[in-house]
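Each residue of the sequence shown is one higher than the last, beginning at 7 in the working numbering.
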Amino acid sequence: MSDIRILPDVSAVASAAAEYIVDVCSQAIRDRGVAYLALAGGGTPVAAYTLLSQPEYASRIEWSRLQVFWSDERLVPAHHADSNYRLTAEALLCRVPIPVENIHRMRGELAQAEAAQEYENAMRSILAPDNKGFPCFDLMMVGMGDDGHIASLFPGSPALLERRRWVVATEHSQPPPPLVPRLTLTLPVINAATAVLVIVTGEKKAERMRQVLEGEPADELLPAQLIKPSSGRLLWLLDIPAASRLTTR
Ligand code: 6PG
């Protein structure tokens, strides 16, 4: 089941995202005593993370029962300007009473293959696989790049074909090169989540958003078109600029 909510601006998207995170995580904690959250990288969700650190939101999550992971990371140390961990730690995790042992960082300072295997091992020590062999996050957050990538699954990447591993190494050839080594959760993990939240804002993503949600089926689907939760729900939170090319809204 997927839903597209179009909100006036970035601030409204951040509020809706923060509210959704609280709702999903606090419900999971009420139901099972624990919630598993995979945070998105990039800049878009930072406003939501900052809001989530405010008492009106933070007071509604039992942080000791929240296990936090990431959906992707750049292969850089934790303190590096490009680190998704650093971005989320500064905006959220350093501002809320989450136990350090509940924060599961992808160790971007390691060699790619070692970092991917180590993270998968760490996930497997906490998250039990479902009947298809994949972990079930209560909430999986991803952003979308203007090329239609999600997490660090880029168009045409062999990582899009991975059907066994939970974490793989990828590379993003942002112009100009060099290749930017990354780690990413794989599509089966993303699609095994109970809820997937995709946050997209800004006019520069509007044409890609139209292609993803309304485009003619192409031989090679964009990564964002491959988000199909097997039994979970999918929520797109867009601001008006990002949705400005959609014809059916
Ligand atoms: C990353 C993210 C990536 C991001 C999109 C959107 O590590 O960069 O995981 O997938 O979500 O590129 O990035 P912005 O939110 O900065 O536009």
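Even glycine gets a Cβ: it sits at the ideal position worked out from N, Cα and C.
Because the structure is a prediction, the values reported are computed rather than measured.
Neighbour-count burial assignment, V106, 16 or more Cβ in a 10 Å radius: exposed
Quick check on the DSSP output: what are the complete beta strand (DSSP E) runs of length 3 or more inside the segment 64 to 147, in order along the chain? 72 to 76, 78 to 80
Can you give me the C-alpha to C-alpha distance between S65 and I104, rounded to a whole angstrom? 12 Å
Any idea what DSSP makes of L166, helix, strand or coil? helix
How long is the line joining the alpha carbons of A198 and S237, rounded to whole angstroms? 7 Å
Given 7 Å as the limit, tell me if S89 has its C-beta closer than that to any heavy atom belonging to the ligand 6PG. no
Select from D78, L72, T254 the residue whose C-alpha is nearest the C-alpha of I109. L72
Could you spell out where the beta strand (DSSP E) holding D9 opens and where it closes? 8 to 13
Three-state secondary structure (DSSP) of L232: helix
By the three-class DSSP mapping on this structure, what secondary structure does P194 have? helix
Measuring from the CB of T50, is there a heavy atom of the ligand 6PG at a distance below 7 Å? yes
Classify H155: buried if its beta carbon has 16 or more other beta carbons within 10 angstroms, exposed otherwise. buried
L202 lies in the beta strand (DSSP E); which residues open and close that run? Here residue 202 is Val; the residue named in the question, Leu, does not match the sequence. It spans 201 to 206 - the beta strand (DSSP E) in which V202 sits, taken as one unbroken run.
Minimum C-alpha distance to M36 - residue among V52, L45, E68: The sequence given here places Arg at residue 36; Met does not occur at that position. Of the listed residues, the one whose Cα sits closest to R36 is E68.
Inspect the CB distances between the segment 85 to 100 and the segment 45 to 60 and report whether three or more fall short of 8 Å. yes
Need the endpoints of the beta strand (DSSP E) that A20 sits in, please. Element bounds for A20: not the beta strand (DSSP E) but the alpha helix (DSSP H), 16 to 38.
Who are the Cβ neighbours of A20 in its own chain at under 6 Å, not counting the five residues just before and after it? A53, A54, L57
R248 to D225 span [Cα, whole Å]: Before going further, note that residue 248 is Ala rather than Arg in the sequence given. Between A248 and D225, the C-alpha separation is close to 24 Å.
Check whether the Cβ atoms of M150 and K234 sit closer than 8 Å, and answer yes or no. no
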